[in-house]
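Each remark here refers to the structure printed beneath this line.
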Amino acid sequence: QQKSALNALFSTGLIVIAAGIVRTYYLTQLGKDYDITWVGFDVFIWSQLEIQLILICAAVLALRVLLRRYLSDPIT
Numbered sequence: 116q117q118k119s120a121l122n123a124l125f126s127t128g129l130i131v132i133a134a135g136i137v138r139t140y141y142l143t144q145l146g147k148d149y150d151i152t153w154v155g156f157d158v159f160i161w162s163q164l165e166i167q168l169i170l171i172c173a174a175v176l177a178l179r180v181l182l183r184r185y186l187s188d189p190i191t
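Counting in the working numbering, the sequence shown runs without a single skipped number right up to 191 at its last residue.
Here it is, written out as structure tokens:
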């Protein structure tokens, strides 16, 4: 069970890396295209996706501790 949770965490990290690669691609296209707002929107979307996934990866460890503490104790 812990191995599968750790694998899921690392898999999310790989998705973050992929989002960063796609964001970098769109950043290079930003200077080549005349319509900056069109390409800039793609940069914005991929940047936000990367940031949100990083926050999820960081919060998973704390969430695990909270869930273990509150779900293991019976409600009195």
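Positions of the beta carbon are idealized from the N, C-alpha and C atoms, including for glycine. Predicted model, so just to flag it, every value in this text is computed and none were measured.
{"Item": "Pull up the CB-CB distance for Leu178 and Val131, whole angstroms please, since I reckon it's below 8 Å.", "Value": "Going by Cβ atoms, the distance from Leu178 to Val131 rounds to 17 Å, so no, they are not a contact pair."}
{"Item": "Alpha helix (DSSP H) containing Gly146: first to last residue?", "Value": "It is not in any alpha helix (DSSP H) - Gly146 carries neither H nor E in the DSSP assignment."}
{"Item": "Can the beta-carbon of Gln144 be found less than 8 Å from the beta-carbon of Val137?", "Value": "no"}
{"Item": "Taking buried to mean at least 16 other C-beta atoms within 10 Å of its own C-beta, is Val158 buried or exposed?", "Value": "buried"}
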